[in-house]
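Reviewing the structure listed below.
2 protein chains.
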Amino acid sequence: MDKVNLAQKFGQFNEHWSPKIVGEINESYVKIAKLKGEFVWHHHDKEDEMFFVIKGKLIVRFRDKDIQLEEGEFLIIPKGVEHLPVAPEEVCVMLIEPKSTVNTGNIKNDRTIDSLERL
Amino acid sequence: MDKVNLAQKFGQFNEHWSPKIVGEINESYVKIAKLKGEFVWHHHDKEDEMFFVIKGKLIVRFRDKDIQLEEGEFLIIPKGVEHLPVAPEEVCVMLIEPKSTVNTGNIKNDRTIDSLERL
Numbered sequence: 002m003d004k005v006n007l008a009q010k011f012g013q014f015n016e017h018w019s020p021k022i023v024g025e026i027n028e029s030y031v032k033i034a035k036l037k038g039e040f041v042w043h044h045h046d047k048e049d050e051m052f053f054v055i056k057g058k059l060i061v062r063f064r065d066k067d068i069q070l071e072e073g074e075f076l077i078i079p080k081g082v083e084h085l086p087v088a089p090e091e092v093c094v095m096l097i098e099p100k101s102t103v104n105t106g107n108i109k110n111d112r113t114i115d116s117l118e119r120l
Numbered sequence: 002m003d004k005v006n007l008a009q010k011f012g013q014f015n016e017h018w019s020p021k022i023v024g025e026i027n028e029s030y031v032k033i034a035k036l037k038g039e040f041v042w043h044h045h046d047k048e049d050e051m052f053f054v055i056k057g058k059l060i061v062r063f064r065d066k067d068i069q070l071e072e073g074e075f076l077i078i079p080k081g082v083e084h085l086p087v088a089p090e091e092v093c094v095m096l097i098e099p100k101s102t103v104n105t106g107n108i109k110n111d112r113t114i115d116s117l118e119r120l
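Protein chains in written order, with my numbering: chain A, 2 to 120; chain B, 2 to 120.
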């Protein structure tokens, strides 16, 4: 059992849209990711997903509205809700989601990451 | 579905050791709390518990060591592990834990909170 310093973990990688596991809690992972640009529209059939902005700004686009998250803000996206994360500039986020969660949800494409690295 | 601004939520209460629910994700709650002073030794039989320090410093005491958490650091305490949170000065924390989690775990005393407020 060790504490996790997020700034130190974010210093260990540079790639975008590639979540890293930094913790395990009950049936969920705590992950961190750097995001930049636009992802893909998707939803998660069975998993609620939490986006917590550690540094920067993140826009989460829904079919009927956009929600902009600043540092110190989080959003929980309920299962089944289609969404598109967009980061005009690089943003550092912490994610909490069940271990079963795939980054692209119901979509399988070249952005899908099947095996997550642990930091 | 709305975003949560932690600073704004922390501005809504002052009492210590009284976690407030600010989000619900799968089978867990996201809670925030202000802590000051020493809590009680306890463990959670069935629930891992995540402490994330938003502002201030938190010492988590274990039977064999202390872990000091600063802003931007988190610790996941596995189920069954006895611990004692200590905050020499006021600290603002975010907690993630299963809905079944009671703040004092296996101990029932005047620090136990049975019904949590939602912010």
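Every residue, glycine too, gets a C-beta built ideally from N, C-alpha and C. Owing to the predicted nature of the structure, the values given are computational and were not obtained by experimental measurement.
Interface residues of chain A facing residue i [CB-CB closer than 8 angstroms]
{"i": "P79/B", "result": "M2"}
Cutoff 7 angstroms; reference residue i; Cβ partners in own chain excluding five residues on either side
{"i": "V23/B", "result": "V5, K10, V31, K32, I33, L120"}
{"i": "P86/B", "result": "L36, F40, L59, V61"}
{"i": "S19/B", "result": "A34, I114"}
{"i": "P99/B", "result": "E28, S29, E48"}
{"i": "I97/A", "result": "S29, V31, M51"}
{"i": "Q13/A", "result": "L120"}
Best match in the options for proximity to residue i [C-alpha to C-alpha]
{"i": "N15/A", "options": "I77/A, H43/A, V92/A, M51/A", "result": "V92/A"}
{"i": "P89/A", "options": "I77/A, K56/A, K47/A", "result": "K56/A"}
{"i": "Y82/B", "options": "M95/B, E72/B, K66/B", "result": "Note that residue 82/B is Val in the sequence shown, not Tyr. For V82/B, the nearest C-alpha among the options comes from K66/B."}
{"i": "E72/A", "options": "M95/A, I78/A, L117/A, K37/A", "result": "M95/A"}
{"i": "E50/B", "options": "A8/B, D111/B, S29/B", "result": "S29/B"}
{"i": "F52/A", "options": "F52/B, D111/B, I26/B, K21/B", "result": "I26/B"}
{"i": "H17/A", "options": "G38/A, K109/A, I77/A, L70/A", "result": "G38/A"}
CB contact check: residue i to chain A, cutoff 8 angstroms
{"i": "F14/B", "result": "no"}
{"i": "E83/B", "result": "no"}
{"i": "P20/B", "result": "no"}
{"i": "L120/B", "result": "no"}
Close beta carbons around residue i, own chain, < 8 angstroms, minus the five adjacent residues each side
{"i": "D46/A", "result": "K80, G81, G106, N107"}
{"i": "N110/B", "result": "V41"}
Chain B contact for residue i (CB, 8 angstroms cutoff)
{"i": "P89/A", "result": "no"}
6 angstroms Cβ shell around residue i - same chain, five flanking residues per side excluded
{"i": "E74/A", "result": "V54"}
{"i": "S101/B", "result": "none"}
{"i": "F63/A", "result": "H84"}
{"i": "I78/A", "result": "E50, H84"}
{"i": "Q121/B", "result": "Here chain B has residues from 2 to 120 only, and residue 121/B is not among them."}
{"i": "E118/A", "result": "K21"}
Contacts that residue i makes with chain B (C-beta to C-beta distance below 8 angstroms)
{"i": "L7/A", "result": "G73, E74, F75"}
{"i": "P99/A", "result": "N27"}
Beta-carbon neighbours of residue i, restricted to chain B and to distances below 7 angstroms
{"i": "F49/A", "result": "What sits at residue 49/A in the sequence shown is Asp, not Phe. Going along chain B in sequence order, the residues near D49/A (Cβ under 7 angstroms) are I26, N27."}
{"i": "I68/A", "result": "K4"}
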